[in-house]
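So in the numbering used here, spot 137 of the sequence shown is number 1210, and the numbers just go up one at a time.
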Amino acid sequence: MFEREDYLFPFSAIVDQDNLKTALVLNAVNPEIGGVLIKGPSGTAKSTAVRGLAALLPQVEVVRDCPFQCDPEDGRTQCENCRERRNRGESLSSLLRPRLLVNLPLNATEDRVAGTLDISRALREGVKALEPGLLAEANRGILYIDEINLLDDHIVDILLDAAALGVNVIEREGISLSHPARFLLIGTMNPEEGELRPQIADRIGLQIEINALSDPAQRVEIMKRREAFLQDPKRFSGCYEEGQNRLRQAISRAIALLPKVSVRESFYDAIARLAIKCAVPSHRADITMLQCSKALA
């Protein structure tokens, strides 16, 4: 991964790896795709691309001091506390901030991921008794797991359940609390270090396999760009600022237009027939194709 002081290697400066970049951008536009699993050996720009994507996403408006980064205007996705304040007619003070890229370490415990609960306070104060975990921090942002294949299966199941529902449910000693957990899930892995359980891999929307580039000219360009970035990250980043801005604007426009995208009946039929022709064993692929098509539109 390329980092220098306050600079990240620009997403648009990554050489080739178009499938990887497309998969990430599509999920940024439409999180309903269900995340990305990126497979490839070390040194193939997996982490660089993920961190570069985060820098391209539009800022979000969040309720000030809310640990779940709730949208002040969307009562459907707010936490219990924000929703109660909104229903009382209280004005929710807000601020704009970048979408967070939350890294989930391999040694993370269930409490660190899902959050902890003060049982005695929970009986009196509800969600206020929750000590938020990484899923709360990642709400409306990106949750990134490097070497996801080495993460405990139980933790992966918690992540996938929250990603599918858009809600994290914490249950302790018969008490259940929940909070919004809508995030873009991105996992990277090196297959040489072990495979991911098929049942888990099947629940992630897109899977991309990448390898080191075989074109000598492209490999030379990678070396030159890395050297230029390390020598003067500010100047290097400035050379790609125009491309970064174009991509940033394209993503913002696509996010704004997504709710207006309509799908013809014939297109639903085409997706179903393609899935049958390819002998796809589940319906998840049909749904993923539909959501990718909406993002591409």
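Just so it is clear, CB atoms sit at the ideal spot from N, CA and C, and this is done for glycine as well.
1. What residue does the alpha helix (DSSP H) around E1282 start on, and which one ends it?
2. Just the C-alpha distance for R1298 and A1086, rounded to the nearest angstrom, thanks.
3. Using a 10 Å radius around the Cβ and a threshold of 16 neighbouring Cβ atoms, would you call K1112 buried or exposed?
4. Excluding sequence positions up to five away, which residues of its chain have a Cβ less than 7 Å from the Cβ of Y1080?
5. Could you check what DSSP says for I1273 in three-state terms: helix, strand or coil?
6. What residue from L1363, L1320, Q1322, R1326 has the CA that sits closest to D1342's CA?
7. Beta-carbon within less than 7 Å of L1165's beta-carbon, same chain only, minus the 5 sequence neighbours each way: which residues are those?
8. Which stretch, first to last residue, makes up the beta strand (DSSP E) that contains Y1341?
9. Here's a check: name, in chain order, each residue in its chain whose Cβ is nearer than 6 Å to the Cβ of D1089, leaving out the five neighbours to either side.
10. According to DSSP, simplified to helix, strand and coil, what is P1253?
11. Consult DSSP for G1260 and reduce its assignment to one of helix, strand or coil.
12. In terms of residue numbering, what span does the beta strand (DSSP E) encompassing E1244 cover?
Let's see:
1. Looking at the DSSP string, E1282 is not in any alpha helix (DSSP H); the run it does join, the beta strand (DSSP E), is 1279–1282.
2. 8 Å
3. buried
4. P1306, K1307, S1310
5. helix
6. L1363
7. V1136, P1145, C1155, R1158, R1159
8. No beta strand (DSSP E) contains Y1341, which is instead part of the alpha helix (DSSP H) from 1338–1350.
9. L1286, Q1291
10. strand
11. strand
12. 1240–1245
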